[in-house]
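Q: Take a look at the following structure, please.
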Amino acid sequence: MAYRKLGRTNKHRKSMLANLTKDLLNNGRIETTETRAKEVRKFAEKMITYGKDGSLVSRRKAIAFLHNDADTVKKVFDEIAPRYAKRNGGYTRILKLTERRGDDALMVILELVEGDAK
Numbered sequence: 001m002a003y004r005k006l007g008r009t010n011k012h013r014k015s016m017l018a019n020l021t022k023d024l025l026n027n028g029r030i031e032t033t034e035t036r037a038k039e040v041r042k043f044a045e046k047m048i049t050y051g052k053d054g055s056l057v058s059r060r061k062a063i064a065f066l067h068n069d070a071d072t073v074k075k076v077f078d079e080i081a082p083r084y085a086k087r088n089g090g091y092t093r094i095l096k097l098t099e100r101r102g103d104d105a106l107m108v109i110l111e112l113v114e115g116d117a118k
């Protein structure tokens, strides 16, 4: 599986992606760069899929990835995952904004979509 290194060491990258995923799941939307958003999207969708499964193994995998943040895992399993019960993926969307002034990085909003598929 190919992934982006994002200019970080392995531990720093994993920690950053876990923290961005936690922020997205807790707040419903985050503003970040496009490359980070594309990476975070993978993990956020995986956490919601774990929540839909609801098994103890899935809960433990989610807790391990989210650095033992039991509150976020509880929110995913009890509130977020049931909203997407009839949806087979595609839980997030990326809305493009403008370039960041300092380095011209494309800024985006990564957010959870609302409810069931149409």
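Everything in the sequence shown is counted per my numbering, starting at 1 for the first residue and increasing by one.
All C-beta atoms in this analysis are idealised placements derived from N, C-alpha and C, irrespective of residue type, glycine included.
Confirm, please, whether the CB-CB distance from residue 30 to residue 111 is below 9 Å.
A: Counted from its first residue, the sequence shown places residue 111 at position 111. Counted from its first residue, the sequence shown places residue 30 at position 30. Cβ atoms of residue 111 and residue 30: closer than 9 Å.
Q: Short check: CB of residue 70 to CB of residue 51, under 9 Å?
A: As a working mapping, residue 70 is identified with position 70 in the sequence shown. As a working mapping, residue 51 is identified with position 51 in the sequence shown. No, the pair does not count as a contact, with Cβ atoms beyond the cut-off.
Q: Given residue 94, which residues of its chain have a CB within under 6 Å of its CB, disregarding the five upstream and five downstream residues?
A: Walking along the sequence shown from the start, residue 94 turns up at place 94. Excluding residues within five positions, the ones whose Cβ falls inside 6 Å are 37, 108 and 110.
Q: Hey, would you say residue 65 sits closer than 9 Å to residue 21, going by beta carbons?
A: Locating residue 65 in the sequence shown gives position 65, where the first residue counts as 1. Locating residue 21 in the sequence shown gives position 21, where the first residue counts as 1. A contact, by the Cβ cut-off of 9 Å.
Q: Pull up the distance between the alpha-carbon of residue 103 and that of residue 35, whole angstroms please.
A: Within the sequence shown, numbered from 1, the residue matching residue 103 stands at position 103. Within the sequence shown, numbered from 1, the residue matching residue 35 stands at position 35. Distance between the alpha carbons of residue 103 and residue 35: 14 Å.
Q: If you drop the 5 nearest sequence neighbours on each side, which residues of the same chain put their C-beta closer than 8 Å to that of residue 39?
A: By one-based count along the sequence shown, residue 39 stands at place 39. Within the same chain, residue 39 has close Cβ partners 3, 4, 6 and 17.
Q: Strictly by DSSP, which residues pair up with residue 48?
A: The residue given as residue 48 occupies position 48 in the sequence shown. Paired residue(s): none; residue 48 is not in a bridge.
Q: Straight-line CA distance for residue 24 to residue 43?
A: Taking the first residue of the sequence shown as 1, we reach residue 24 at position 24. Taking the first residue of the sequence shown as 1, we reach residue 43 at position 43. The straight-line gap from Cα to Cα measures roughly 10 Å.
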